[in-house]
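All remarks here apply to the structure that follows.
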Amino acid sequence: MASSLLPFDTLLLASTSPARRALLDGLGLPYRCEAPGVDEDVPDGTPVELAVAALAERKARAVWKRFPTALVLGADQLVSLDGQALGKPPDAATARRQLDALAGRRHSLFTAVCVLGPGFLVTEVDVAHVSLYPLSDAEKDGYLATGEWQGCAGGYRVEGRGQALFRAIDGDRTSIQGLPMLRVTRLLREAGVRFFSNG
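Numbering-wise, the sequence shown is residues 1241 to 1439 according to our numbering.
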């Protein structure tokens, strides 16, 4: 059975993240990716939950502005350690500092999703709590050498080799991967998408 995107002409993922694409692929919906191309800076002192929600909505709006008859799915993710936000490290040295701070610690991962289309706008934030093992310098260097840190808040990826970093995960694993799929499917249904339907 097919799925219906009515009343929208297409579904757009405002992201080029391979992890998000893999999660959305699992729904079997027709969609395509569009890079949002937005400034990801937020004012200093913005609470992490508000910052990540604002970024997800900013990405969705940037794509929807170009495709106003589409249903757009935007997302963003920030790590919070002791109330301080950690975003995507721009280089390996920053990723190393993030791993140094997170190793052996429990922290929170905020993942926001925004679904936007004609007459529909909802933004929600999912929170997962994760703990990393204490890591030796050799382990940190070895993990950074995999390159998995690139494009990932906190400098790690829960899929792939990064699975070995985690001592405990409390929350939705798909949220940690980049899209909280329970929320995504509920919001798509609320927007009018019908799953397992020919019309």
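Built from N, CA and C at the ideal position, the CB exists for glycine as well.
Proximity winner among V1355, D1340, V1370, S1376, relative to I1416 (alpha-carbon distances): V1370
If contact is defined by three or more beta carbon pairs under 8 Å, each pair taking one atom from either stretch, is the region 1385-1404 in contact with the region 1419-1428? no
Buried versus exposed call for R1260 [16 or more other C-beta atoms within 10 Å across all chains shown]: buried
Roughly how many angstroms separate the alpha carbons of A1254 and D1366, rounded to a whole number? 18 Å
Could you check how far apart the C-beta atoms of A1310 and T1250 are, in whole angstroms? I think they sit under 8 Å. 5 Å
So, are the CB atoms of F1350 and L1318 less than 9 Å apart? yes
Considering Cα atoms alone, identify which of P1330, R1434, V1362, L1326 is closest to A1300. V1362
Kindly identify the DSSP beta-bridge partner or partners of G1357. F1360
Can you tell me the Cα-Cα spacing of D1412 and E1364, whole angstroms? 14 Å
What do you get for Q1403, buried or exposed, if any count of 16 or more other CB atoms within 10 angstroms of its CB means buried? exposed
Is the distance from the Cβ of L1372 to the Cβ of G1344 below 9 Å? yes
Assign Q1338 to buried or exposed, taking buried as 16 or more other Cβ atoms, counted over all protein chains shown, within 10 Å of its Cβ. buried
Whole angstroms are fine: how far does the CA of G1382 sit from the CA of A1242? Confidence in A1242 is poor, its pLDDT being 47 and thus under 50, which makes the residue's placement too unreliable to answer from.
Between the alpha carbons of P1258 and L1264, how many angstroms are there, rounded? 10 Å
Spatial distance of W1389 from A1341 (CA atoms): 14 Å
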